[in-house]
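In my numbering, the protein residues as written are 4 to 312.
Ideal Cβ positions, reconstructed from N, Cα and C, are used throughout, including at glycine.
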Ligand code: R5P
């Protein structure tokens, strides 16, 4: 059955690419605001009996998630067979523990909420640290697309003599994979975060690699303080070429982009999971493969996970 794809506002370029890759039908979803800021939604294409795909990246999630909830609930109410969400950037994964008394573990709360009104979920490189997989928190089937192959292709095509650099221990396996696919060496730095905009990277010894082009990779570029601190250490280590920064999710909060450029990033390239001026790496083919994968499965909710219903 041909899936019916509705695009939430702001996701048009990636949704168009996904439509082509999937051979899906474009559904018309009207979303607008009433004068008081509340949402109005209408499905002009009937979802009755259809496999519905909603496309909405969840950067700045608080502004966006209610419309996703309304669209999914409406599609279900109007008879959709299943309603899934393609969220190329999946928000609320970083607060994955109660670090201090009284804190909300929003990754769990958010997952429980989404699992209650969606039938499946597809995303790209979710920020999983203490949760081992999406299945550990989401009670619905999910599939994950990896941006690593597309990032490696981009590095091969655009960077001479690269040295891939992961900024922290969590990035180690990922940096190794990208470097292997880009056919170049890699190093992993040591990072400590003291606060939202306070990141420390330990000094590093680069030996003979000092003359290669440093390619810093990061899964999320939010304040860009991770990349900025890493650039300072690469400079201190005597790297002679200006660094290239390659990110998956281009959140770029506040002054992040200007600050990263001012820190000396020669080239900044991100994946199109979050629409941004730095998007240079298309991951729509990988996303479409993940959607085909999850649509091909029988619907089996994850045992033991509360779907919030
Ligand atoms: C951290 O664990 C992530 O992998 C990123 O390095 C981090 O989220 C980047 O954040 P920022 O750009 O604010 O330093």
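Minimum Cα-Cα distance from residue 191 among the listed residues 61, 216 and 177 corresponds to 177. With a contact defined as Cβ atoms closer than 8 Å, residue 71 and residue 17 miss out at about 15 Å.
Of the other Cβ atoms in all chains shown, fewer than 16 fall within 10 Å of the Cβ of residue 280; this residue is therefore exposed. For residue 36, the enclosing beta strand (DSSP E) stretches over residues 32-36. Residue state for residue 54 is assigned as strand, using DSSP reduced to three classes. Residue 47 sits in coil when the DSSP states are folded into three classes, being neither helix nor strand. In this chain, residue 119 is not harboured by any beta strand (DSSP E); it is covered by the alpha helix (DSSP H) spanning 109-120. A straight line joining the alpha-carbon of residue 98 with that of residue 268 spans about 28 Å.
By the 16-neighbour rule on beta-carbons within 10 angstroms, residue 51 is exposed. Annotated three-state conformation of residue 174 is helix, per DSSP. Shortest gap from the CB of residue 144 to any heavy atom of the ligand R5P: 8 Å or more. Taken through DSSP and simplified to helix, strand or coil, residue 222 comes out as strand.
With respect to residue 115, residue 140 sits close: the two C-beta atoms are nearer than 9 Å.
When DSSP assignments are scanned along the stretch 184-267, the uninterrupted stretches of beta strand (DSSP E) that are 3 or more residues long and fall wholly within it turn out to be 189-191, 194-198, 201-204, 216-224 and 247-253. If you ignore the 5 residues before and after residue 193, its C-beta comes within less than 6 Å of the C-beta of 205, all in its own chain and listed in chain order. The Cβ atoms of residue 271 and residue 218 do not sit closer than 9 Å to each other. DSSP, read as helix, strand or coil, puts residue 145 in strand. When distances are taken from the beta-carbon of residue 192 to the heavy atoms of the ligand R5P, even the shortest one reaches 8 Å or more.
If you ignore the 5 residues before and after residue 157, its C-beta comes within less than 8 Å of the C-beta of 249, 272, 283 and 284, all in its own chain and listed in chain order. Closest in alpha carbon position to residue 45, among 53, 39 and 35, is 35.
In the DSSP assignment, residue 153 falls within the unbroken alpha helix (DSSP H) covering 151-161. In this structure, residue 195 has its CB at a distance of at least 8 Å from all heavy atoms of the ligand R5P.
Straight-line spacing of the CA atoms in residue 253 and residue 61 works out to 11 Å. The shortest CA-to-CA distance from residue 228 to any of 264, 174, 212 and 243 is the one to 264.
The ligand R5P never approaches residue 176 closely enough for any of its heavy atoms to be under 8 Å from the residue's Cβ. Contact annotation, residue 166 with residue 189: C-beta distance approximately 7 Å; criterion of less than 8 Å satisfied.
Going by DSSP, residue 165 is part of no alpha helix (DSSP H) but of the beta strand (DSSP E) stretching over 165-169. Bounds of any alpha helix (DSSP H) do not take in residue 14, whose DSSP letter is neither H nor E. Taken from the Cβ of residue 62, every heavy atom of the ligand R5P lies 8 Å or farther away.
Under the three-state reduction of DSSP output, residue 282 falls in the strand class. Annotation: residue 138 to residue 244 spans about 42 Å, alpha carbon to alpha carbon. Three or more Cβ pairs closer than 8 Å define a contact, and the stretch 113-129 meets that threshold against the stretch 145-156.
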